[in-house]
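Chains as they are written, first to last, in my numbering: chain A, 1 to 481; chain B, 1001 to 1254.
Quick reminder that beta carbons are idealized off the backbone N, C-alpha and C, glycines included.
Each remark here refers to the structure printed beneath this line.
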Amino acid sequence: MINSNEIIDDIANKEYEFGFTTDIEMDIAPPGLNEDIIRFISAKKNEPEWLLEWRLKGFAAFKKMEFPKWQHFEMPALDLQAVSYYAAPRKKKQLNSLDEVDPELLATFEKLGIPLNEQKALTGVAVDAVFDSVSVATTFKGKLKEMGVIFCSFGEAVQEHPELVKKYLGSVVPHTDNIFAALNSAVFSDGSFVYIPKGVRCPMELSTYFRINAQNTGQFERTLIIADDNSYVSYLEGCTAPMRDENQLHAAVVELVALEHAEIKYSTVQNWYPGDKDGKGGIYNFVTKRGICKGAASKISWTQVETGSAITWKYPSVILQGDHSEGEFYSVAVVRNKQIADTGTKIHHIGKGTKSRIISKGISAGHGDNSYRGLVSVGPRADNARNFTQCDSLLIGNQCGSHTFPYIESRNKSAMIEHEATTSKIGEDQIFYLNQRGIDSEKAVALIVNGYVKEVLNQLPMEFAVEAQKLLSITLEGSVG
Amino acid sequence: MLTIKNLHAEVEGKKILKGINLEINKGEMHAIMGPNGSGKSSLASVLAGRDNYTVTEGEVWFNGKNLLDLSPEDRAREGVFLAFQYPVEIPGVSNLNFLKTALNEIRAYKGLPALEAREFLKLTKEKQQLVDFHSNLMNRSLNEGFSGGEKKRNEIFQLAMLDPQLAILDETDSGLDIDALRIVSNGVNKLRDAEKSFVVITHYQRLLEYIIPDFVHVLYNGRIIKTGTKELALELEERGYDWLKEELHLKESV
Ligand SMILES: Nc1ncnc2c1ncn2[C@@H]1O[C@H](COP(=O)(O)OP(=O)(O)O)[C@@H](O)[C@H]1O
Ligand SMILES: [Mg+2]
């Protein structure tokens, strides 16, 4: 396994090579959503005709759709005409030293144990070395290339592997899926593409250009991961460092395809800016994530740790098409202040003997409002399908909310579906008990929360799990007493 | 070691402690008895720093420090331990992990390095044996699903692990059968030494047959109305509390 910190250190410490002279060409399209802008994006990216057509179909679908009304929160007013749909790659304002950075942000980095050079890079402070994400990706790609693994930006995949993109794009999340997916299909900027060939076990965790670049992934990201027969890949998305972004709406699409006996593990740590105490200014994270276990005995596993965003609204789902395929969803969603999360999963059992497991751990503090929404459906062909759902809520304080909306649709009598749910509260007497043993309140909450989320964090790669654990305690700091 | 002077405290506007005076020296074993609702647990809570109690008057000194100025965790780190009358359950937090965290927090406060895993396990084994604590309870969640007796024994085990200077045991004997009572008392007796002091809160004389106190205090209506030696406990067992209450009323009406 490659240690991303090492790589980043490596890069940040590298001697000045090419200088900062290559100012990234700035072009920003005027705000507004129309066919012209879509053609403009497509042309800018030098896309083939079929992709432009696909975008336009997405746009046509988008125009016919309305915002959903079933969610458990009030939909914020979104002015999609006020957004600029092409602004690429933006160079951040360069600062001269960490002294110019918000001290609160630095304190968080400190607590997360993020190395100094990386802190600089994240906050846009000049590093005494060239920081070139492309070259990172290149070294990294070299190793993968030997094994035939393709891991590149979406745009690059369109140029280099059009046949794969054409075959799988929209095959899991069609452009008509929902209004945000339709919007994404029309205007997606870039994203990641992964292809693991037959029989290959990807030897390292793939992450979106490491931590540092993850912040510039843009508003309408598109990710497509294909694991061919008997292959395995573990993919990490996101970043534990706090991410700020002026774009308020994030409507990404992630599609996973697992062929026969293949396994895809997809892990997310989401820590977008949640807004201030009153919820002003936070990100709306409206993402469509879905995987299909197309081949027999394949497996897709989603793990998410959601601590950021003003509104998190997503249901990473699995379609269990292949016989004996398996789907998993492990989630920790934390809300505090005025944050909202309406998240969960959908598992569709289609093939015979398919299995699924859902472990959802909601944590609500402050005035946060946390909803778990899940659907388990079993089709007529899915003999002996099994599902186990565990859906827990942990409340901190008296002003937060938590809700569970489990839906079950079974059309096969042999299916076994189990659902368990618990709600608990971190009580003052628990905190006092721990205080009395020499543990301060902050640590006490962390101890209880870590115990509560253990089952989910165990699914993450080790280093990531440790950071996620720290992130959780930082997020909940000051939420008790 | 501990000096309580004229301590008054209230909870939710209700006066509970109404002028407690108590002096505890190193190595002493004090028993506090008294009818239900007289304020025994409240006294323990105030000493430990539970924040729903407000101290309205008085002082508490612990090894030269003003205890009332310290946070609950700092009181614990200074060496005040409370074995709870009703230990809480904390699901998901293993007994072992909890103890390691507690021990290392206390050590850090004293400027000591964290115990290494091996040393910690060694200590755990040693103390388990000392107080006869089942090792299969170690990996379970803290007190979750423990029987009443197991919870009380866990309190004593924690006491052994954390090695405080002052241990306050709040009705550790209630709800224990005679065997468990013997085990718990044996544990406490083994932990007694010249440096450590105990305050044992109990309803029953029977505990004091195992744990012999140096002093027995009767707490009634928020005050210590009588102090004696272990014979007082026997007398209380025989005659109940009414005669003391009458004595008190007589005194007060004078
Ligand atoms: N949180 C509380 N709110 C109101 N009254 C309380 C509270 N805790 C204790 N009390 C009252 O304080 C008095 C003393 O209680 P306690 O200290 O538990 O007595 P003991 O331990 O001697 O039985 C009782 O009258 C009890 O009802
Ligand atoms: Mg009591």
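Let me have the residue list for ligand 2: C-beta closer than 7 Å to any non-hydrogen atom, ordered along the chain. Result: B:LYS1040, B:SER1041, B:GLN1085, B:ASP1170, B:GLU1171, B:ILE1201.
Name, please, each residue of chain B whose Cβ falls closer than 7 Å to the Cβ of ILE439 (chain A). Within chain B, the residues near ILE439 (chain A) are GLU1073, THR1101, ALA1102, GLU1105.
Pick helix, strand or coil for THR475 (chain A), following the three-state DSSP scheme. DSSP places THR475 (chain A) in helix when its eight states are reduced to three.
Taking the beta strand (DSSP E) that ASP342 (chain A) belongs to, which residues open and close that run? Boundaries of the beta strand (DSSP E) around ASP342 (chain A): 340-349.
Is VAL1011 (chain B) close to ligand 3? I mean its beta-carbon at under 7 Å from any heavy atom of the ligand. Although ligand 3 was asked about, the structure shown includes only ligand 1 and ligand 2 as ligands.
Sequence-distant residues of the same chain with beta carbon closer than 8 Å to VAL456 (chain A), five excluded per side: Once the five neighbours on either side are set aside, the close Cβ partners of VAL456 (chain A) are THR303, VAL305, TYR330, SER331, VAL332, ILE359, LYS361.
To the nearest angstrom, report how far apart GLN159 (chain A) and TYR195 (chain A) are at their CA atoms. If you draw a straight line from the Cα of GLN159 (chain A) to the Cα of TYR195 (chain A), it comes to about 15 Å.
Among the residues of its own chain, which have a CB less than 7 Å from the CB of ASP177 (chain A), if the five just before and after it don't count? In chain order, THR288 place their CB closer than 7 Å to the CB of ASP177 (chain A), counting only its own chain and leaving out the 5 sequence neighbours on each side.
Which residues mark the beginning and the end of the beta strand (DSSP E) in which GLY439 (chain A) is found? The residue you asked about is not Gly; residue 439 (chain A) is Ile in the sequence shown. Premise fails: ILE439 (chain A) is in no beta strand (DSSP E) and is neither H nor E.
Using a C-beta to C-beta distance shorter than 8 Å, which residues of chain B count as neighbours of ILE448 (chain A)? By Cβ distance, chain B contributes ILE1090, GLY1092, VAL1093.
Sequence-distant residues of its chain with Cβ nearer than 8 Å to TRP54 (chain A) (five each side left out): Only residues of its own chain outside the window of five on either side were considered, and among them LEU169, GLY170, HIS175, SER185 have a CB closer than 8 Å to the CB of TRP54 (chain A), listed in chain order.
Quick one: what's got a C-beta closer than 7 Å to GLU1171 (chain B)'s C-beta in the same chain, skipping five residues either side? Excluding sequence neighbours, GLU1171 (chain B) sits near GLN1085, ILE1201, THR1202, HIS1203.
Ranges of the alpha helix (DSSP H) found wholly within the stretch 1083-1148 of chain B, counting only runs of at least 4: 1095-1109, 1117-1131, all fully within the stretch 1083-1148 of chain B.
For the stretch 1160-1185 of chain B, which residues have a CB atom closer than 8 Å to at least one CB atom of chain A, in sequence order? Contact residues of the stretch 1160-1185 of chain B toward chain A are LEU1162 (C-beta to C-beta distance below 8 Å).
Kindly say whether TYR330 (chain A), judged by its beta-carbon, lies nearer than 8 Å to any beta-carbon of chain E. In summary, chain E is missing from the structure at hand, where the protein chains are A and B.
Compare the C-beta of PHE1133 (chain B) against all C-beta atoms of chain A and say whether one is closer than 8 Å. It does not: the Cβ of PHE1133 (chain B) has no partner Cβ on chain A nearer than 8 Å.
Taking Cβ to Cβ, would you say VAL257 (chain A) is nearer than 8 Å to LYS294 (chain A)? A contact, by the Cβ cut-off of 8 Å.
Roughly how many whole angstroms lie between the Cα atoms of GLU49 (chain A) and GLY238 (chain A)? Approximately 32 Å between the Cα atoms of the pair.
Could you check which residue in B:GLN1205, B:LEU1248, B:GLY1240, B:GLU1238 has the C-alpha nearest to that of LYS1230 (chain B)? Measuring from the Cα of LYS1230 (chain B), the nearest candidate turns out to be B:GLN1205.
Just checking LYS1014 (chain B) against ligand 1 - is the residue's beta carbon closer than 7 Å to any of the ligand's heavy atoms? Yes, Cβ of LYS1014 (chain B) sits closer than 7 Å to a heavy atom of ligand 1.
Verify whether the separation of the beta carbon atoms of PHE1157 (chain B) and GLN1128 (chain B) is less than 8 Å. Result yes, Cβ atoms of PHE1157 (chain B) and GLN1128 (chain B) sit closer than 8 Å.
Could you please tell me which residues of the stretch 366-389 of chain A, in chain order, have their CB closer than 9 Å to any CB of chain B? For the stretch 366-389 of chain A, which is checked against every Cβ of chain B, not one residue is closer than 9 Å.
So what does DSSP say about TRP70 (chain A), is it helix, strand or coil? Secondary structure of TRP70 (chain A) (DSSP, three-state): coil.
Cross-chain neighbours of GLN430 (chain A) in chain B, by beta carbon under 7 Å: Residues of chain B passing the Cβ test: VAL1088, ILE1090.
At which residue ranges does the stretch 274-312 of chain A contain complete beta strand (DSSP E) runs of 3 or more residues, listed in the order of the chain? Counting only runs of 3+ residues, the beta strand (DSSP E) found wholly inside the stretch 274-312 of chain A occupies 284-293, 299-306, in chain order.
If I'm right that HIS324 (chain A) touches GLY291 (chain A) with Cβ under 8 Å, what's the distance once you round it to whole angstroms? The beta-carbon distance between HIS324 (chain A) and GLY291 (chain A), rounded to whole angstroms, is 16 Å. This is too long to meet the 8 Å contact definition.
Since SER441 (chain A) contacts ILE431 (chain A) with CB under 8 Å, what's their CB separation in whole angstroms? Sure, about 5 Å apart at Cβ, within 8 Å.
Rounded distance between the beta-carbons of ALA296 (chain A) and GLU263 (chain A), thought under 8 Å: Not a contact, Cβ separation roughly 13 Å.
Taking DSSP as the reference, what is the three-state secondary structure of GLU1028 (chain B)? DSSP places GLU1028 (chain B) in coil when its eight states are reduced to three.
In the stretch 255-278 of chain A, which residues sit with their C-beta less than 7 Å from some C-beta in chain B, listed in chain order? Flagged: no residues at all.
Beta-carbon proximity list for THR217 (chain A), same chain, < 6 Å, skipping 5 on both sides: Here THR217 (chain A) scores only 48 on pLDDT, less than 50, and its place in the model should not be relied on; the value that follows carries that caveat. Listed in chain order, the non-local C-beta contacts of THR217 (chain A) below 6 Å within the same chain number zero, local neighbours out to five positions each way being set aside.
Buried or exposed: GLN321 (chain A), going by 16 or more other Cβ atoms within 10 Å of its Cβ? The residue is buried, with at least 16 neighbouring Cβ atoms inside 10 Å.
Shorter than 7 Å, the distance from the beta carbon of SER1038 (chain B) to the closest heavy atom of ligand 1, or not? Correct: SER1038 (chain B) has its Cβ closer than 7 Å to ligand 1.
Can we say the stretch 463-474 of chain A touches the stretch 1102-1109 of chain B, given the rule of at least three CB pairs closer than 8 Å? No: fewer than three Cβ pairs fall under 8 Å.
Do you know how far the Cα of LEU476 (chain A) is from the Cα of VAL269 (chain A)? Just so you know, the alpha carbons of VAL269 (chain A) and LEU476 (chain A) end up roughly 16 Å apart.
Is it the case that the Cβ atoms of ILE1032 (chain B) and VAL1199 (chain B) are separated by a distance below 8 Å? Yes, the Cβ-Cβ distance between ILE1032 (chain B) and VAL1199 (chain B) is below 8 Å.
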